[in-house]
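Heads up: the structure comes next, in structure tokens.
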Amino acid sequence: MADKKFIYNLKNNADFADKVKVLYGEDKLNYQAERYRKIYDMHTAKYGEGGVFYSSPGRIEVCGNHTDHNNGKVVCASINVDTIACVTPCEGKVIVNSVGFSPIEVDLNDLDKKEEEYGKSVALVRGILSYFKQRCFNYGGFCATTTSDVFRGAGVSSSACFEVLICEILNVMYNEGKVDIVAKAKASQYAENVYFGKPCGLLDQCAISFGGVSYIDFKSIRKLKFNSVDWGFDDLSIVLTNTGGDHADLTDQYAAIRGEMEEVASLFGAKKLREVDEKEFYSKIPEIQKKTSGRAILRAMHFYSENKRVDSCSKAVKYQYRTKFINVINESGLSSYLTLQNCYPLGDVAQRIPLAINLSKKINGVKAVRVHGGGFAGTIIAYVEKSKCENYVEKMREVFGKENVFPISVRNVGACKVFD
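Going by the working numbering, the first residue of the sequence shown is number 299, and it counts up by one from there.
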């Protein structure tokens, strides 16, 4: 385990400097060394000298907007913001102290679901431990002190980041690192669905567990098809802008997308659109328009075209076809805007996402821009020429606030042990 002398000399440690470049990028050494030192000091003040460090990243959706819930395809990526943990063994329980939050404690002899824990982080820890027990993975106690710079409200999945972190700690401490990346993602989703009470898909957890850019086909959840590739567009900067708006009252709007896609599928005797042949769908529009809304049909059209764009996007990233990538992202964004219709909620006149998208298109250096994630309120993602990124960030911060515009980069490593 790391000791105080080692931690206090991180800025001069070549191995740590190399890891910082891989996990966080250039010019991050001083910031990360100080960040790791602070969490070490907090941990050792409670639990004594020593500790093993873990990191779990945030994620972005690159292409595949609202496709996973109907067994579609996505391209997603882990990014260079993360939750880190300093961890030591503990008998009989798991204790997690996260900076800015109340401590979490779970007794290993009490892993049953508790309704009073719905919506609370303790449910995620208990649910993951239960999943490990059910799947006959090894599990045990530990004490963890965590801190996160995964920004909230920007659609980069802080909850999934925390879930996969807990899985990776159990994986390394008690399973010799043998729990595979899909199992860690599914354990995280199980905890969020069953114990936390949120019916999320599997995209977020997969992106964080897999690392790098991931192409995922959700046609069969039991046998996921996926490929991970390195991000090669070093001349493009990625910027997220949180445009504002509250997601709390938008649950019905999100649910309507999935519901309408599944309504169309039901007209063909299927549960999910992925089960319906695209040619048959288009041939039956004259008939199904009498049984469902035009919006539902448009959203189904988005699903089919988006799956094709995901395939093109994956190929463009793999072979570094820059122009193709840019075109695909812009086409995907336009489809979300016009056919999926998730860029602003019904009755909204503020329309912050359309405002951010159209402002972005006016700024020199922006090559592609689109709604990010669920939509309706929240975030856009822009791909900007690296030499023009600073100007873009400055212009967007003038409108949306300094605290709401985040330059990020792709991280090619998922949740992992950093050092001990």
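A virtual CB, placed ideally from N, CA and C, is assigned to each residue, including glycine.
No experiment lies behind these values; they were computed from the predicted model shown.
### Query
So S419 is in the alpha helix (DSSP H); what residue range does that whole segment cover?
In the DSSP assignment, S419 falls within the unbroken alpha helix (DSSP H) covering 419-432.
- request: Taking 8 Å as the threshold, find out whether the segment 384-391 comes into contact with the segment 528-543 through three or more Cβ pairs.
  value: Result no; under three Cβ-Cβ pairs closer than 8 Å.
| For T342, which three-state DSSP category applies? | In this structure, T342 counts as helix in the three-state DSSP scheme.
query = Any idea what DSSP makes of G356, helix, strand or coil?
reply = Strand at G356.
Collapsed DSSP secondary structure at Y329 in the structure displayed: Helix at Y329.
Measuring alpha carbon to alpha carbon, tell me which residue in E347, A343, A312 is nearest A331. Taking only the C-alpha atoms, the option nearest A331 is A312.
- Message: One question on the structure: do V397 and T342 come within less than 8 Å of each other, judged by their Cβ atoms?
- Response: No. Outside cutoff.
*What does a CB cutoff of less than 6 Å around F314 pick up in its chain, not counting 5 residues either side in sequence?*
Taken in chain order, the residues that qualify are L308.
With the cut-off set at 8 Å, would you say Y352 and I479 are in Cβ contact? 8 Å or more divides the Cβ of Y352 from the Cβ of I479.
- Message: For I393, list the residues DSSP reports as bridge partners.
- Response: E403, C441.
(request) Give the DSSP-derived three-state secondary structure of P652 in the structure shown. (result) Under the three-state reduction of DSSP output, P652 falls in the helix class.
### Message
Suppose only complete runs of 4+ residues qualify. What are the alpha helix (DSSP H) ranges in the segment 511-594, listed by chain order?
### Response
The segment 511-594 contains these whole alpha helix (DSSP H) runs: 549-564, 576-581, 583-586.
request  = Compute the Euclidean distance between the alpha carbons of G712 and D447, then round it to the nearest angstrom.
outcome  = Roughly 16 Å between the two C-alpha positions.
Exercise. Between the beta-carbon of V682 and the beta-carbon of V615, is there less than 8 Å?
Worked result: The Cβ atoms of V682 and V615 lie no closer than 8 Å to each other.
- Would you list the residues sitting across from L668 in a DSSP beta bridge? One detail in the question is off: residue 668 reads as Arg in this sequence, not Leu. Note: R668 sits in a beta bridge opposite I679.
- Task: On a CA-only basis, which of D339, N310, Y322 is nearest D301? Give me that one, please.
- Result: Of the listed residues, the one whose Cα sits closest to D301 is D339.
Just grab the DSSP bridge partners of P387 for me.
Answer is F440.
### Message
According to DSSP, simplified to helix, strand and coil, what is D408?
### Response
Of the three classes helix, strand and coil, the one that applies to D408 here is coil, per DSSP.
Can you tell me the Cα-Cα spacing of G249 and V626, whole angstroms?
-> Outside the modelled stretch of the chain, which goes from 299 to 718, sits residue 249, for which no answer is possible.
Who are the Cβ neighbours of I678 in its own chain at under 8 Å, not counting the five residues just before and after it? Excluding sequence neighbours, I678 sits near L538, T539, T541, I651, A654, I655, S658, V667, R668, V669, H670.
**Prompt:** Would Y345 pass as a contact of C459 if the rule is Cβ separation under 8 Å?
**Reply:** For the pair Y345 and C459, the CB atoms are not nearer than the 8 Å cut-off.
Which word fits R433, buried or exposed, when buried means at least 16 other C-beta atoms lie within 10 angstroms of its C-beta?
R433 comes out exposed.
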